[in-house]
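Here this note's numbering is used: the sequence shown runs in plain steps of one and ends on residue 487.
Each remark here refers to the structure printed beneath this line.
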Amino acid sequence: MQVTFFGATREVTGSCFLVEAGGRRILVDCGLIQGSPRHERHNRDRFPFDPGAVDAVVLTHAHLDHSGRLPLLIKRGFSGRVFTHRASVDLARIMLEDAGYLQEKDAEWENRKRARKGLRPVEPLYSRWEAQVSARRFHGLDYGDPVEIAPGITLTLADAGHILGSAIALLDLADGSRRRRVVFSGDLGHRGTPILRDPERVAEADLVVMESTYGDRQHRPWPQTWAEMGSIVAEAREAGGNVLIPTFAVDRTQMLLYMFNRYFDEWGLGHWRLFLDSPMAIKATRVYARYSQLYDDEAAAFERAHGDLFDLPNLQLCEHTEESMAINRVRAGAVVIAGSGMCTGGRIKHHLKHNLWRRETRIIVPGFQAAGTPGRALVDGARYLRLWGEAVRVQASVHTVGGLSAHADQQGLLDWYAGFGNRPPVAVVHGEPVAQQALLQQLHEAFDARAEAVDFGQSLALG
């Protein structure tokens, strides 16, 4: 029995872990590598295992850094089923289809340049159609229901509190008389996150594979975060500009809409025109509305009292390109929520081009920005941002609201690990080296845990 790490090792994205037991092979996640073009080129690499020899896949949640290479895995020979939460089935269908569309567009753009140079065309990583076909392999589960996904391997999902349907994966392995449990944290949620429940604790494991995205920092308390948001909106109104919020289509968008609803009067949002400029985020919001049984107590009570969490009187849903283009004629008084969350693509780039150079613009960055992305450049204080070959001067005010993160902070990660009564060994993944080392130090000092940051291709035996 062993686990081998083929992604998210000493970096945040590209989740991919192979579990072997009793002659069976289970893949946990198969995500896109995200970041700079140099990093993303590795998505085309051959898998370091035979996709056709994998018996089943466990998907912890729908984010593309966990799900985004599943169509490619199927394209290259995987023929089994993908097990995940029911809500993740619905969200992954949306996200993978969109990813396939973007892959087609990127290949089309690249091939125009290659044609002018007399070079052979490239194929997209996978097509929109291939993404749609891959979704037929998904099998939805509920939290807490054990399911045998291969002979001798039982999967149980627990609520990770990160996005709708996100799961902690408990794999109980049997090989003859030997029994072992490996627990994959997936991405753990930030305690107190609006809409979602807090991450469930697990009592026992033989190995924990644990994320570390924010392993080196603490988030601001929620009351301070909402006060900061309100002050930014008030300052933006006084400055007479627009507010741009580059955000992820799943979870961050829904969190913001819900909090806009809760603080509508206090933040003076009736004076603004609100735009949700992302077809994928609009679809994801409809999925969130369908799974109200997964809401935390506070969101459930709000829904009973006020109806749909995401229904705002001055919110315009922009599904068509023409609607998105029209936003850029608004010189002041617009709050624009658009993807992509790290500004690597999508409609937010157009809004940045029209607003980034204006001093009255306010940009709210509500989540983690991977190294090498335009979003990270903004957070790090770049004076210029390159958009479609043009260097655009950054004169807008950039506000990083770290308290909005959907990831657990260092204390949240430590508190979750504290739930394991037997203090199992830990393989730390999904984090940049500084964050990982800080978390490792705390795990050693607080729990005397056997913890290490694993390397790509490294295998850990399960006793």
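Glycine included, each C-beta is placed from N, C-alpha and C at the ideal position.
When the five nearest sequence neighbours on each side are left out, the beta carbons in the same chain lying within less than 7 Å of the beta carbon of Gly239 are those of Gln434, Leu437, Gly455, Ala459, Gln460, Ala462 and Leu463, in order along the chain. In this structure, Leu402 lies away from Met253, with their beta-carbon atoms at least 9 Å apart.
In the structure shown, Val157 adopts helical secondary structure according to DSSP, grouped into three states. DSSP assignment within the stretch 139–189 yields the following whole beta strand (DSSP E) runs of 3 residues or more, N-terminal first: 162–165, 171–174 and 177–183. In the DSSP assignment, Ser421 falls outside any alpha helix (DSSP H) and lies within the beta strand (DSSP E) extending over Ser421 to Thr424. Between the stretch 145–163 and the stretch 186–198 there are fewer than three C-beta pairs closer than 8 Å, too few to call the two in contact. Annotation: the continuous alpha helix (DSSP H) that includes Asp439 extends over Gln434 to Tyr441. Here His330 has Asn285 as same chain residues with Cβ atoms under 8 Å from its own Cβ, once five neighbours each way along the sequence are excluded.
Taking a 10 Å sphere around the C-beta of His66, we find fewer than 16 other C-beta atoms and assign the residue as exposed. Tyr238 carries a strand assignment under DSSP once its states are collapsed to helix, strand and coil.
For Ser39, the closest C-alpha among the options Asp89, Val81, Phe71 and Val78 is that of Asp89. Within 10 angstroms of the beta-carbon of Gln317 lie fewer than 16 other beta-carbons, which makes it exposed. Take the alpha-carbon of Arg203 and the one of Ala323: they are about 40 Å apart. Using a Cβ-Cβ distance cut-off of 8 Å, the stretch 234–249 and the stretch 80–88 are not in contact, since fewer than three pairs of beta carbons, one from each stretch, lie closer than that value. Nearest C-alpha to Phe444 among Leu339, Thr424 and Leu194: Leu194.
For the 9 Å CB-CB criterion, Arg276 and Pro390 form a contact. As summarised for the stretch 339–404, the continuous alpha helix (DSSP H) elements at least 4 residues long and confined to that stretch are 345–351, 372–379 and 398–403, given in chain order.
If you look at Ser483, you'll find it in the beta strand (DSSP E) that goes Ser483 to Ala485. Around the beta-carbon of Ser91, 16 or more other beta-carbon atoms lie within 10 Å, marking it buried. A direct Cα-Cα distance of roughly 15 Å separates Asp53 from Leu115.
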